[in-house]
Amino acid sequence: MELTANDIITWVNKTNEKIQNNKEYLTSLDQAVGDGDHGINMARGFKEVVAKLDDNSYENASDALKDTAMTLMSKVGGAAGPLYGTAFLKLSTSLKDKSAEYTHFLNGLEESLAGLKQRGKSQEGEKTLIDVWAPVIEKMKEQEDFDAALLKDTAESALEKTKDIKATKGRASYLGDRSIGHLDPGSVSSFYVFEALAETIEGGG
Amino acid sequence: MKKIVNDPEYVVRDMLEGLIAAHPDTLKQIPETTVVARKDAPIDNKVGIVSGGGSGHEPAHAGYIGDGMLDAAVCGEVFTSPTPDQVLEGIKAADGGAGVFLIIKNYTGDVMNFDMAAEMAEAEGIDVEKVVVNDDVAVEDSASTTGRRGIAGTIFVHKIAGAKAAAGGSLQEVKDIAEKVTGNVRSMGMALTPCTVPAAGEPSFSLNEDEMEIGIGIHGESGIEKKEVTSANEIAEELTNNVLEDIEFNHGDDVALIVNGMGATPEMELYILNKKVNEILVERGLNIYKTLVGNYMTALEMSGCSVTLLKLDEEMKSLLDAESSAPAYNI
Numbered sequence: 001m002e003l004t005a006n007d008i009i010t011w012v013n014k015t016n017e018k019i020q021n022n023k024e025y026l027t028s029l030d031q032a033v034g035d036g037d038h039g040i041n042m043a044r045g046f047k048e049v050v051a052k053l054d055d056n057s058y059e060n061a062s063d064a065l066k067d068t069a070m071t072l073m074s075k076v077g078g079a080a081g082p083l084y085g086t087a088f089l090k091l092s093t094s095l096k097d098k099s100a101e102y103t104h105f106l107n108g109l110e111e112s113l114a115g116l117k118q119r120g121k122s123q124e125g126e127k128t129l130i131d132v133w134a135p136v137i138e139k140m141k142e143q144e145d146f147d148a149a150l151l152k153d154t155a156e157s158a159l160e161k162t163k164d165i166k167a168t169k170g171r172a173s174y175l176g177d178r179s180i181g182h183l184d185p186g187s188v189s190s191f192y193v194f195e196a197l198a199e200t201i202e203g204g205g
Numbered sequence: 001m002k003k004i005v006n007d008p009e010y011v012v013r014d015m016l017e018g019l020i021a022a023h024p025d026t027l028k029q030i031p032e033t034t035v036v037a038r039k040d041a042p043i044d045n046k047v048g049i050v051s052g053g054g055s056g057h058e059p060a061h062a063g064y065i066g067d068g069m070l071d072a073a074v075c076g077e078v079f080t081s082p083t084p085d086q087v088l089e090g091i092k093a094a095d096g097g098a099g100v101f102l103i104i105k106n107y108t109g110d111v112m113n114f115d116m117a118a119e120m121a122e123a124e125g126i127d128v129e130k131v132v133v134n135d136d137v138a139v140e141d142s143a144s145t146t147g148r149r150g151i152a153g154t155i156f157v158h159k160i161a162g163a164k165a166a167a168g169g170s171l172q173e174v175k176d177i178a179e180k181v182t183g184n185v186r187s188m189g190m191a192l193t194p195c196t197v198p199a200a201g202e203p204s205f206s207l208n209e210d211e212m213e214i215g216i217g218i219h220g221e222s223g224i225e226k227k228e229v230t231s232a233n234e235i236a237e238e239l240t241n242n243v244l245e246d247i248e249f250n251h252g253d254d255v256a257l258i259v260n261g262m263g264a265t266p267e268m269e270l271y272i273l274n275k276k277v278n279e280i281l282v283e284r285g286l287n288i289y290k291t292l293v294g295n296y297m298t299a300l301e302m303s304g305c306s307v308t309l310l311k312l313d314e315e316m317k318s319l320l321d322a323e324s325s326a327p328a329y330n331i
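Line by line, the protein sequences give chains A and B. Residue numbers for the first sequence follow UniProt numbering, beginning at 1 and rising by one. Residue numbers for the second sequence follow UniProt numbering, beginning at 1 and rising by one.
This is the structure:
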C-alpha cells in the first residue's frame, strides 16, 4: 500500500480530532508531571496544520508532510513544537521524490526517530515520546506492509509502558520518582498520531 | 478562573499591545511577531542581547529591555517557549553586525527552540552565541537528567552580559562573562499557592491551606517536596542554606542577592524574608554587595518566592553597577 497526499491529510485530520477531543486530558497529564501546556500547545498547532492543509493542494505526500512540519514548528512552541516539527520534516525529506509506499515510509519514520533523538538529546527509556516512536518503528520493521491493527496495538502497549518509567528527560525529570505512575503526555499525543495513522490505513487499505 | 483577560487565546497578543502602549518611547514590537525590541534596535556594531521564553513571568523578559541590558525579548505563549521562527525574528531585530547573544533558561522547550533559531540565523550569516542558565539547586544535575532549571538567576545574566555588550565587548567576551555568571549563580524557590494558566483555566497543582511546595520552578509546575507551611525565617533558612551548600562561598566573598516574588507575594513578605536571608549571609561572613527585592521573574499569580545568590568578582561587580535603563531593573 502507498500513502497519497490525501492520505496524509486524512492522517493529520484524524490526529487533530483526537487531540482536540483530548486537549483537557493531555493538559491534565502534563499538569501531573510538567507544566500543563501540552494539550493547549498541540491543539493550537494541529488546528493550524489542518487549516494550512485545507488551503492548499498537494501532489505528493512529501509536500503535505513538509507543510505539516513547518506549521507545527511555528505554531506549537514548547518542547512539542520542535520535536513533532522535526519528526514530520524528516519524514517529508526522506520521502522527497519518492512514493510513500511501505518501505519508503518506514525509512522515513526511522529518520524521524533519529531526528527526535538528536533534537531532544534523548534515548529510549527516558519517558518521552521516543518510547512510543521507537517500539512502533521496531515492530513495523518486522512487517512488509502496513498493518493497522498491529500498529495501533504496538503504539498502545508502548504508551502503557511509559507509566512505569521514571522520567530522566524533559520537564517531568524534575519530579524524579514522583513521575512514576503517570503517563507521559508526549507519549499519549504520539499514540494519537499512530492511532490516526492506523485508522487512515484502515480506511484507505 | 477569575482573571482580567478577554479571550484566553489572545492574552499574549493583548499584553504586548498594552506593554508597547506603556513604553512608546523605548520599546517597539516587531510587526507580525511576538518580539519586543528596543526602539533604537539594532545598535550598530554592538553585540545584540536576546532573551525570552514563555509569557507569564513578567516583568521578565521584556521588562529587561533597555540600554545596558536586552536588545530584544521573544515572548512565547503563557509558560511555553517561543517558536524558532519568532526567536529568529528576535535575533534579526537585535543584530547590529557584531553578532547576537542568546540567554536561554534551561527548559527542554526553550533550549530546543532557541537552538533551532540559532541554526537558522547562522544559515543567514548572523553570528550567534548562547548561554543556558541553570541556577536552580532544587533539581539535581546529573548526566542522566536535562540538568537544573533556569530561574531568577537569569536576571543577573541579563544585567551582566548586557552591560558587557554595552561596554563594547565582543561576542566571545559577552559569552565568557555570561558563562562566568551562570557558573556562580544559584537559586531556589518555594510556593504557597499554585497559579492558573488562562488557557487551562484551572490551577496547575493543588496545595492544602497548611501546605507549601518547596523547590518550584517558574512555570506553575509542582516542586520537589510538599511540606507544612512554616515561618518566614524557616523558609528563608531552607532556601538560603540549600543555595549556600551548592557552591563554595568563602568568608569575605562579595555576593549579589535577589529575593524574588513569584507574582502574588506582597513586598512586605519579601522584606521579611530578606531580613532573615541577610542575617544568614552576614553570619556566614559574606559581604552583600547588592540586594534586589521584588518581582523579577514570576509565575503569574503564584504566591511564593525564590532566593538567588551570585558570587561576584571585580569584573562582575563593575558590570552589575553599570547603568541600565530597563524599566524592571532600575537600581
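Virtual Cβ for every residue (Gly too), placed ideally from N, Cα, C.
Short CB-CB distance (under 9 Å) between residue i and chain B
i: residue 82 of chain A; result: yes
i: residue 20 of chain A; result: no
i: residue 27 of chain A; result: yes
i: residue 108 of chain A; result: no
i: residue 189 of chain A; result: no
i: residue 203 of chain A; result: no
i: residue 173 of chain A; result: yes
i: residue 169 of chain A; result: yes
Within-9 Å CB hit, residue i to chain A
i: residue 231 of chain B; result: no
i: residue 188 of chain B; result: no
i: residue 248 of chain B; result: no
i: residue 144 of chain B; result: Low local confidence applies: a pLDDT of 32 at residue 144 of chain B is under 50, so the model's placement there is unreliable, with the coordinate-based value given in what follows. Yes, its Cβ sits closer than 9 Å to a Cβ of chain A.
i: residue 77 of chain B; result: yes
i: residue 54 of chain B; result: yes
i: residue 314 of chain B; result: no
i: residue 85 of chain B; result: yes
i: residue 213 of chain B; result: no
i: residue 124 of chain B; result: no
Three-state secondary structure assigned by DSSP to residue i
i: residue 323 of chain B; result: coil
i: residue 43 of chain B; result: coil
i: residue 328 of chain B; result: coil
i: residue 268 of chain B; result: helix
i: residue 194 of chain A; result: helix
i: residue 29 of chain B; result: strand
i: residue 24 of chain B; result: coil
i: residue 283 of chain B; result: helix
i: residue 184 of chain B; result: helix
i: residue 2 of chain B; result: coil
Rounded separation between residue i and residue j - CA only
i: residue 62 of chain A; j: residue 92 of chain A; result: 4 Å
i: residue 234 of chain B; j: residue 13 of chain B; result: 40 Å
i: residue 118 of chain A; j: residue 146 of chain A; result: 27 Å
i: residue 86 of chain B; j: residue 279 of chain B; result: 44 Å
i: residue 189 of chain B; j: residue 305 of chain B; result: 6 Å
i: residue 213 of chain A; j: residue 160 of chain A; result: The question about residue 213 of chain A has no answer here: the residues shown for chain A are numbered 1 through 205.
i: residue 259 of chain B; j: residue 10 of chain A; result: 52 Å
i: residue 237 of chain B; j: residue 54 of chain A; result: 58 Å
i: residue 156 of chain A; j: residue 227 of chain B; result: 37 Å
i: residue 266 of chain B; j: residue 195 of chain B; result: 16 Å
i: residue 26 of chain B; j: residue 327 of chain B; result: 10 Å
i: residue 168 of chain A; j: residue 126 of chain A; result: 5 Å
i: residue 1 of chain B; j: residue 315 of chain B; result: 47 Å
i: residue 152 of chain A; j: residue 15 of chain A; result: 13 Å
i: residue 43 of chain A; j: residue 19 of chain A; result: 6 Å
i: residue 290 of chain B; j: residue 256 of chain B; result: 5 Å
i: residue 133 of chain A; j: residue 210 of chain B; result: 43 Å
i: residue 92 of chain B; j: residue 203 of chain A; result: 46 Å
i: residue 183 of chain A; j: residue 213 of chain B; result: 22 Å
i: residue 192 of chain A; j: residue 23 of chain A; result: 12 Å
i: residue 247 of chain B; j: residue 172 of chain B; result: 25 Å
i: residue 90 of chain B; j: residue 84 of chain B; result: 10 Å
i: residue 137 of chain B; j: residue 201 of chain A; result: 49 Å
i: residue 229 of chain B; j: residue 83 of chain A; result: 39 Å
Short CB-CB distance (under 9 Å) between residue i and chain C
i: residue 107 of chain B; result: Among the protein chains in the structure shown, which are A and B, there is no chain C.
Nearest-angstrom Cβ-Cβ length linking residue i and residue j, presumed shorter than 8 Å
i: residue 104 of chain A; j: residue 98 of chain A; result: 5 Å
i: residue 131 of chain B; j: residue 182 of chain B; result: 6 Å
i: residue 295 of chain B; j: residue 263 of chain B; result: 6 Å
i: residue 292 of chain B; j: residue 232 of chain B; result: Going by Cβ atoms, the distance from residue 292 of chain B to residue 232 of chain B rounds to 18 Å, so no, they are not a contact pair.
i: residue 150 of chain B; j: residue 105 of chain B; result: 3 Å
**OP:** Using a Cβ-Cβ cut-off of less than 7 Å, give me the residues of the region 30 to 61 of chain A that come near chain B, in sequence order.
**Re:** 31, 34, 35, 36, 37, 40 and 41
**OP:** Could you name the residues of the region 3 to 15 of chain B whose beta carbon sits closer than 7 Å to any beta carbon of chain A, in the order they occur along the chain?
**Re:** Those residues of the region 3 to 15 of chain B that come within reach of chain A (Cβ to Cβ, closer than 7 Å) do not exist; the list is empty.
**OP:** Scan the region 188 to 207 of chain B for residues whose Cβ lies nearer than 7 Å to a Cβ of chain A and list them as they occur along the chain.
**Re:** 197, 199, 200, 204 and 205
Original post:
Which residues, in order along the region 68 to 81 of chain A, keep a beta-carbon less than 8 Å from a beta-carbon of chain B?
Top reply: 73, 74, 75, 76, 77, 78, 79, 80 and 81
Original post:
Going along the region 86 to 97 of chain B in order, which residues come within less than 7 Å of chain A, judged by CB to CB distance?
Top reply: Interface annotation for the region 86 to 97 of chain B against chain A: empty, criterion Cβ-Cβ distance under 7 Å.
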